[in-house]
Ligand code: R5P
């Protein structure tokens, strides 16, 4: 198979990400090629490469449920290299292990640093969306020596919310969400505010809303990069409703929603849940395909 000079190459994907891969390939006007994956009864994988591979290719693999996906990458990338792929871009719309960006307790392993180095040994470029970069400024620092591109869905989220309710107040639950809330608010010409979160454990979260913020009768949209256990959004929803907000909705980039997260958020009083299609979920209403396609239109991918 030949790739037009300077083009991104075909989009390789696993069957579970066929819809996003197909839409991305269509936007890029390249083929989408499926990597076969058989799971043996003991949970090992047998992978099968597409029949023909060019020297430049994109691999779409979101890293939600990261541990098994990382095992797939561990097996697949060397096989792609052996098959002649020289320039390989990972598109991981959700990039896992970014929140452990320092040792919060003595002897804790800094997962972000080590996963980033592993990705840098496997891939020539890594493209993701709204990675949880807090104490590290750029994705290039996470994948040393490689092209790292961190895109943001915040503009698309802000524009979407503005079509639903131009008078909505965007609220970021914590300081870490401030970067996305500010951008979303600017894109949608919306008001915004940022709260403060104190996390006591995986499932224990305390939220402080900004002092002096008058929420009486306001429609509030909680904006965050990721909903995982849903505790952050549930605590924020309860807080804003207790302060007199007329309704509360949620907009996130990555809809992980593990376990009971969604029902927890609903029980906290959230009306609508909106997310991007970075992680397949029933709440997906905003597509990241144009964002990815712009960055991937040429080799190497464009962006910071
Ligand atoms: C952390 O600061 C992130 O921005 C999210 O707020 C957090 O990861 C959400 O996690 P959970 O849904 O488990 O509260």
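Residue numbers (the numbering used here): 1 to 304.
Virtual Cβ for every residue (Gly too), placed ideally from N, Cα, C.
Rounded C-beta distance between residue i and residue j? I'm assuming under 8 Å.
i	j	result
residue 158	residue 185	6 Å
residue 33	residue 50	4 Å
residue 221	residue 170	5 Å
residue 273	residue 283	4 Å
For residue i, verify whether its CB is less than 8 Å away from any heavy atom of the ligand R5P.
i	result
residue 136	no
residue 105	no
residue 99	yes
residue 249	no
residue 263	no
residue 132	yes
residue 177	yes
residue 217	no
residue 230	yes
residue 205	yes
residue 233	yes
residue 202	yes
residue 173	yes
residue 69	no
residue 197	yes
residue 165	no
residue 224	yes
Run through DSSP, which three-state label would residue i get?
i	result
residue 160	helix
residue 258	coil
residue 249	strand
residue 44	coil
residue 302	coil
residue 51	coil
residue 79	helix
residue 192	strand
residue 283	coil
residue 272	strand
residue 343	The structure shown does not extend to residue 343, since the chain spans only 1 to 304, so no value can be given for it.
residue 306	Residue 306 cannot be examined here, being either before or after the span of the chain that is shown, 1 to 304.
residue 39	strand
residue 13	strand
residue 305	No answer is possible for residue 305: the residues shown for the chain start at 1 and end at 304.
residue 219	strand
residue 128	strand
Could you tell me if the beta carbon of residue i falls within a distance shorter than 8 Å of some heavy atom in the ligand NAD?
i	result
residue 227	The ligand NAD is not among the ligands present in this structure, which contains only the ligand R5P.
Determine whether the beta carbon atoms of residue i and residue j lie at a separation below 9 Å.
i	j	result
residue 129	residue 97	no
residue 160	residue 252	no
residue 90	residue 139	no
residue 156	residue 291	yes
residue 172	residue 201	no
residue 298	residue 7	yes
residue 174	residue 207	yes
residue 99	residue 134	yes
residue 92	residue 53	no
residue 280	residue 16	yes
residue 190	residue 210	no
residue 179	residue 213	no
residue 9	residue 87	yes
residue 188	residue 162	yes
residue 303	residue 150	yes
residue 197	residue 300	no
residue 258	residue 217	no
Using a beta-carbon distance below 9 Å, is residue i in contact with chain B?
i	result
residue 45	In the displayed structure, chain B is absent; only one protein chain is listed.
Discussion item. Measuring CB atoms only, is the stretch 102-113 touching the stretch 13-31, in the sense that at least three cross pairs come out at less than 8 Å?
Written reply: Flag = no, the stretch 102-113 and the stretch 13-31 do not touch.
Worksheet item: Using 8 Å as the threshold, is the stretch 40-55 in touch with the stretch 227-235, meaning 3 or more CB pairs across them?
Response: no
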